[in-house]
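Undergrad:
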Amino acid sequence: MSEVQAHSARKHPYHIVDPSPWPFLGSLGVLVLAVGAVQYFHDAPPWVMLAGFALVLVTMFGWWRDVVKEGMEDKAHTAKVRLGLRMGMGMFIASEVMFFVAFFWAYFNNAFLVSPGVTAWPPEGIETLHAWGLPAINTAILLTSGVTLMFSAKAMKGGNQPLQLFWLGTTIALGVVFLILQMVEYGEAAFGFTEGIYPSVFYMATGFHGFHVFVGVCFLAVMFARAWNGHFVHERHSIGYEASEWYWHFVDVVWLFLFVVFYWWVG
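For the sequence shown, numbering that gives the first Met the number 0 begins at 0 and goes up steadily by one.
#1: Going by DSSP in three states, PRO12 sits in which element: helix, strand or coil?
#2: Can you give the beta carbon distance from LEU49 to GLY28, rounded, assuming they're within the 8 Å contact cut?
#3: Quick check on the DSSP output: the alpha helix (DSSP H) that includes PRO22 runs from which residue to which?
#4: Could you check if VAL253 is buried or exposed, using at least 16 other CB atoms within 10 Å of its CB as the buried criterion?
#5: Return the Cβ separation of VAL200 and PHE102 in integer angstroms, given the expectation that the two are a contact with Cβ distance under 8 Å.
#6: What are the boundary residues of the alpha helix (DSSP H) that includes ALA110?
#7: Looking only at its chain, what residues have a beta carbon closer than 6 Å to the beta carbon of GLN163, apart from the 5 residues adjacent to it on each side?
#8: Let me know the secondary structure DSSP gives HIS287 once reduced to three states.
#9: Relative to the C-alpha of GLY159, which residue among HIS230, ARG81, THR193 is closest?
#10: What's the gap between the Cα of TYR13 and the Cα of SER144?
#11: Which of helix, strand or coil does DSSP assign to GLN4?
#12: Contact check, LEU327 vs GLY209 under 8 Å by CB: the rounded distance?
#13: What does the Cβ neighbour count give for PHE190, buried or exposed, with the cut at 16 atoms within 10 Å?
#14: Are there 16 or more other CB atoms within 10 angstroms of the CB of GLU244, so buried, or fewer, so exposed?
#15: Using beta-carbon positions only, say whether LEU82 and GLY51 come within less than 8 Å of one another.
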């Protein structure tokens, strides 16, 4: 059935979703994950938490697989539906921005306002990381990955699948290198997570960003698999690719703020 015929059959441009088990299973997975995490923090084995996490992953895979099918086979992603998906991704990224705002707020609150036991910022005894070492290299890596992702998107729009896959694979590789260097940096840091307010905020902010890079790499890996299978031959099918671009550029921009505030400013 063509998109025009599908419109005629349902008399509106909206997608009426079929009954699905994923909302219930996803909610159950999050509940089990939360309960397991609380138990783990109280010295219980991690199996309940891992079971919840596994159920969340299964839900994500199944739900997104259905979304791809709805767009590719059912032709349900009309212009109106694509607009809704873009708005949803935009609001998701906006909510993620607020997570990082909280970390920056905690950082500057302690940097500019007097706190009990804190007479300097960073507190005395904290040896900060040198900005122009691994942090600068990681900055260059992420900025380069943003450029290679744009090249990949341009190749996709031009119908050049081999070039699209090359630049997308390069972007994924750069993301993996960033994560490896971030772990090396943590290993070289002269302070631990529990050694004060500065280390706590530093590890929470940069670690949370690292988690976002990991999610972004997974996101791009899925796009690589879809591109390999020739899914992005029509604008209607490229919403996932567009969303992955937005997410990756968001990760890049957040890192620039982290670099300036947590590395360069205090160094």
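Ideal placement from N, C-alpha and C gives every residue a C-beta, glycine not left out.
Keep in mind that this is a model prediction, so the values were computed, not measured.
TA: Straight from the coordinates:
#1: coil
#2: Actually they are not in contact, since the Cβ atoms of LEU49 and GLY28 sit about 11 Å apart, beyond 8 Å.
#3: 21-40
#4: buried
#5: 6 Å
#6: 78-111
#7: SER151, ALA154, MET155, ALA226
#8: No answer is possible for residue 287: the residues shown for the chain start at 0 and end at 266.
#9: Sequence check: residue 159 is Asn here, not Gly. For ASN159, the nearest C-alpha among the options comes from HIS230.
#10: 35 Å
#11: Note that GLN4 has pLDDT 47, beneath the 50 cutoff, so the model's placement of it is unreliable and no number is given.
#12: Since the first residue of the chain shown is 0 and the last is 266, residue 327 is not available in this structure.
#13: buried
#14: buried
#15: no
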